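Trainee: Heads up, the sequence shown is in this note's numbering, so the first residue is 357 and it goes up one at a time.
One structure, pasted below without further comment.
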Amino acid sequence: MIRTSSPRRPLAALGAVVAAAALTACGGAPAHQGAAAVVGGDRISIAQVDARVAAVRAGAAQSGTAAEEQPGLARHAVSDLVLGKVVARALTDRRLDVSQSEIDRARAADAKTVGSEAKLAELLRAKQGVPAGDIDAFYRQQIGLMKLAGGQDPSGADGDAAIRKALVDAGTALHIEVNPRYGSWDTARIGLADSTEDWLPKTVRTS
357 MIRTSSPRRP LAALGAVVAA AALTACGGAP AHQGAAAVVG GDRISIAQVD
407 ARVAAVRAGA AQSGTAAEEQ PGLARHAVSD LVLGKVVARA LTDRRLDVSQ
457 SEIDRARAAD AKTVGSEAKL AELLRAKQGV PAGDIDAFYR QQIGLMKLAG
507 GQDPSGADGD AAIRKALVDA GTALHIEVNP RYGSWDTARI GLADSTEDWL
557 PKTVRTS
């Protein structure tokens, strides 16, 4: 998420929402062998998580910042992949969607803000653990969260409440199970147990 001066930039408006939520959770284990999580019957494989972690590390190695890796990278990947499915379900339940053109516009605007697409990719990798191949998914999730505010300011109390309700409703319907090696999912608080990461990605700062 790139902080800008324009309220129309979809990711910039989420700062106050971000600060409000922390990850804590209760139990559950996936029913499928080799799964990192099962979300509404859809399987997120351990291999998928490992591939995402490897992609982030490869990006760090290319930029010469491998030593800066934050702890809990695999858990962060699981949390983000699960949240993506929860957001998608919440949007579907409310007959909302995020178009590729919306993603492209937001991504281009943020790339312009930070100076280039390459700089944007590096910031998202370093600050959010987002590999280059998942940048569109990151924007889809963030724009989706804004839409779940129902036209209200997502940084305000009403918008925050609308987003949370949508995600809790979707998470409840999806019956999320997480492999214990990564923790467990708390539907009410929208995140993994024993994690210090926020359930909404923190603002990427350019300074």
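In this text, a Cβ means the ideal position worked out from N, Cα and C, and glycines have one as well.
As the structure is a computational prediction, the values presented were derived from the model and not from experiment.
(1) Check whether the Cβ atoms of residue 412 and residue 520 sit closer than 7 Å, and answer yes or no.
(2) Could you tell me the distance, in whole angstroms, from the CA atom of residue 540 to the CA atom of residue 508?
(3) In the structure shown, what three-state DSSP assignment does residue 548 receive?
(4) So, under 8 Å CB-CB, residue 434 and residue 392 are touching, yes? Tell me the CB distance rounded to an integer number of Å.
(5) Taking the beta strand (DSSP E) that residue 395 falls in, what are its first and last residues?
(6) Does the count of Cβ pairs from the stretch 441-452 and the stretch 496-505 closer than 8 Å reach three?
(7) By DSSP's criteria, residue 398 is part of a beta bridge. Which residues make up the other side?
(8) Specify the secondary structure class of residue 454 as computed by DSSP and reduced to three states.
(9) Does the beta-carbon distance from residue 523 to residue 546 come in below 7 Å?
(10) Out of 533, 414, 497, state which residue places its alpha-carbon closest to the alpha-carbon of residue 401.
(11) Residue 491 to residue 452, Cα distance in whole Å?
Mentor: Inspection of the coordinates gives the following:
(1) In the sequence shown, residue 412 corresponds to position 56, counting from 1. In the sequence shown, residue 520 corresponds to position 164, counting from 1. Going by C-beta atoms, residue 412 is not nearer than 7 Å to residue 520.
(2) Locating residue 540 in the sequence shown gives position 184, counting from the first residue. Locating residue 508 in the sequence shown gives position 152, counting from the first residue. Using only the alpha carbons, I get a separation of about 31 Å.
(3) Numbered from 1 along the sequence shown, position 192 holds the residue referred to as residue 548. Strand.
(4) Looking up residue 434 in the sequence shown gives position 78. Looking up residue 392 in the sequence shown gives position 36. With 8 Å as the limit, residue 434 and residue 392 qualify as a contact, their Cβ atoms being about 5 Å apart.
(5) Your numbering for residue 395 matches position 39 in the sequence shown. Where residue 395 is concerned, the enclosing beta strand (DSSP E) stretches over 391-395.
(6) yes
(7) Your numbering for residue 398 matches position 42 in the sequence shown. Per DSSP, 395.
(8) Here the question's residue 454 lines up with position 98 in the sequence shown. Residue state, collapsed to three classes: coil.
(9) Residue numbering aside, residue 523 sits at position 167 when the sequence shown is read from its first letter. Residue numbering aside, residue 546 sits at position 190 when the sequence shown is read from its first letter. Their beta carbons are under 7 Å apart, which means residue 523 touches residue 546 by this criterion.
(10) The sequence position of residue 401 within the sequence shown is 45, counting from 1. With distances taken between Cα atoms, residue 401 lies closest to 533.
(11) Here residue 491 refers to the residue found at position 135 when the sequence shown is read from its first residue. Here residue 452 refers to the residue found at position 96 when the sequence shown is read from its first residue. Roughly 21 Å separates the two Cα atoms.
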